Each structure stands twice: as C-alpha cells, then as structure tokens.
Amino acid sequence: MGSIQNTILSRKKIGIRLLYTVFFLIVFEILKIIVQVTVLFQYVYLFITKTYSKPVRKFSNKVSFYAYRVMRYITLNENTLPFPFADFPEENDAPVSAVRFE
Numbered sequence: 001m002g003s004i005q006n007t008i009l010s011r012k013k014i015g016i017r018l019l020y021t022v023f024f025l026i027v028f029e030i031l032k033i034i035v036q037v038t039v040l041f042q043y044v045y046l047f048i049t050k051t052y053s054k055p056v057r058k059f060s061n062k063v064s065f066y067a068y069r070v071m072r073y074i075t076l077n078e079n080t081l082p083f084p085f086a087d088f089p090e091e092n093d094a095p096v097s098a099v100r101f102e
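In terms of this note's numbering, the sequence shown opens at residue 1 and continues consecutively.
(1) With DSSP collapsed to three states, give me the class of E78.
(2) Could you tell me the distance, in whole angstroms, from the CA atom of N61 to the CA atom of V39?
(3) So V56 packs on Q42, CB below 8 Å; how close in whole Å?
(4) For V70, which residues of its own chain have a beta-carbon under 8 Å away from its beta-carbon, when the five flanking residues on both sides are left out?
(5) According to DSSP, simplified to helix, strand and coil, what is Y45?
(6) Let's test the definition: count the other Cβ atoms within 10 Å of the Cβ of I74 and tell me whether it reaches 16, buried, or not, exposed.
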C-alpha cells in the first residue's frame, strides 16, 4: 500500500512540474518576442546614432540570462523555479566592453 501511495504522490509532483513547465514555455515564447524587438531596436538605434544603447544592451543581457534559466528549468536541467517564483537572476556574464563589427 505504501508504494502505491508513493507512486501517486510522485505522479502528482510530476503533474505539478508539468504545469509549471507549460507556464514557463509560454513565458519563454514571450521572452523570444522581447529579445527580437530588443535586437531590432538596438540595430535601428545603431544605424541612426552609430553607437549602441548601453541601457538596451544591459536589459537584453538580463533578459537573455533569464531566458537561459527558464530553458534550464523546462528541460529538467534545473530544479529551482525561475522568476516570478524566485528572485530575478543576476547577470552571470557581463557584456563585452567593446562591440566590434568585423
């Protein structure tokens, strides 16, 4: 009887994780759109001013790192729920100091 109870409990936990995964798949799709808009804006800004926008660059770095954390969770490579269920992740890699176009 105990093993049946453990199996049911485990399937319940799997189902809950699946629901979180579906939620974060939707979040990931929204993040993809945000990244695309950010990239397009950055290049339009770059063409007009001939320099990149530091705030947009910093924002896109944070968004890309958050998307990475979401991907790790939905692919079962991380157990910690991403934001909004945990703190927003800090930037892991700082952007390069100079952008080159070679």
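For every residue, glycine included, the Cβ atom is placed at its ideal position computed from N, Cα and C.
Only a predicted model underlies this, so the values are computations on that prediction, with no experimental measurement involved.
This is what the structure holds:
(1) coil
(2) About 11 Å.
(3) 5 Å
(4) F24, V27, F28, L31 and P82
(5) helix
(6) buried
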